[in-house]
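J.:
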Amino acid sequence: MNDTYAESRTNLLASCSWKNDGDDGPHLMATVRIFRRAGDLDVEELALNALRKARDEAEKRASEDPEYYQPPADLPGLGDGAYLTLDPVSMAIEVKTRSENALVTTTLWLTGVSTYDTERRREVLRAQQSNIIAATRDVLDDLR
Numbered sequence: 013m014n015d016t017y018a019e020s021r022t023n024l025l026a027s028c029s030w031k032n033d034g035d036d037g038p039h040l041m042a043t044v045r046i047f048r049r050a051g052d053l054d055v056e057e058l059a060l061n062a063l064r065k066a067r068d069e070a071e072k073r074a075s076e077d078p079e080y081y082q083p084p085a086d087l088p089g090l091g092d093g094a095y096l097t098l099d100p101v102s103m104a105i106e107v108k109t110r111s112e113n114a115l116v117t118t119t120l121w122l123t124g125v126s127t128y129d130t131e132r133r134r135e136v137l138r139a140q141q142s143n144i145i146a147a148t149r150d151v152l153d154d155l156r
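Structure follows, in structure tokens:
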């Protein structure tokens, strides 16, 4: 397990990752960015803008390289807005969600599938959707 923590005038950033030492298995990372008041800026709006920007970047990547990337998929009922992306190149599945003034990113990287074609990689990643959503729910529960 590896933890990091950083603080600035406008936000706190905490990150935890889990992977077995020496294991070629999955690697999970959860990052929580908590926005705090800075002048007249609304902290929930800052978090919402960060989520929108990340989603826009994911949509742009999908439009520029549709052979590999698919548009983000909405995840209704998870936080105050959430979406999921698949990255078959890096073999990663990621959920980004907002909860009030927090932006939560949960990423799961899989290994040992370098010989698979792109569609098979997507299938393997899709099979992990319930796991990454459950991990994200767990992080969100810890915020409340």
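Each number in our numbering comes from the position in the sequence shown (counting from 1) with 12 added on.
For glycine and all other residues, C-beta sits at the position ideal for the given N, C-alpha and C.
#1: I want to know whether the region 37-57 touches the region 68-80 - three or more CB-CB distances under 8 Å.
#2: For Lys-108, is the classification buried or exposed, using 16 other Cβ atoms within 10 angstroms of its Cβ as the cut-off for buried?
#3: Can you list, in chain order, the residues of its chain with a C-beta nearer than 6 Å to that of Ala-26? Leave out the 5 residues immediately preceding and following it.
#4: Going along the chain, which residues of its own chain have a beta-carbon closer than 8 Å to the beta-carbon of Ala-85, five neighbours each way excluded?
#5: Output needed for Ile-145: all residues of its chain with C-beta closer than 7 Å, excluding positions within five of it in sequence on either side, in chain order.
#6: Give the secondary structure of Arg-73 by DSSP, where H, G and I count as helix, E and B as strand, and everything else as coil.
#7: Whether or not the region 122-141 and the region 54-69 are in contact is what I'm after, with contact meaning three or more pairs of Cβ atoms, one per stretch, closer than 8 Å; do they touch?
#8: DSSP state of Lys-108, grouped into three classes?
T.: Reading it off the structure:
#1: Cβ pair count under 8 Å is below three, so no.
#2: Numbered from its first residue, the sequence shown carries residue 108 at position 96. By the neighbour-count rule (16 or more Cβ atoms within 10 Å), Lys-108 is buried.
#3: Here residue 26 is taken as the residue at index 14 of the sequence shown, counted from 1. If we look at Ala-26 and ignore the five residues flanking it on each side, its Cβ neighbours are Tyr-17, Val-44.
#4: Numbered from 1 along the sequence shown, position 73 holds the residue referred to as residue 85. Closer than 8 Å at Cβ, skipping near neighbours: Tyr-95, Leu-96, Thr-97.
#5: Along the sequence shown, read from residue 1 onward, the residue named residue 145 stands at position 133. Excluding sequence neighbours, Ile-145 sits near Leu-87, Leu-90, Val-107.
#6: Position 61 of the sequence shown holds residue 73. It is helical.
#7: Per the Cβ contact rule, the region 54-69 is not in contact with the region 122-141 (fewer than 3 Cβ pairs under 8 Å).
#8: Within the sequence shown, numbered from 1, the residue matching residue 108 stands at position 96. For Lys-108, the three-state secondary structure derived from DSSP is strand.
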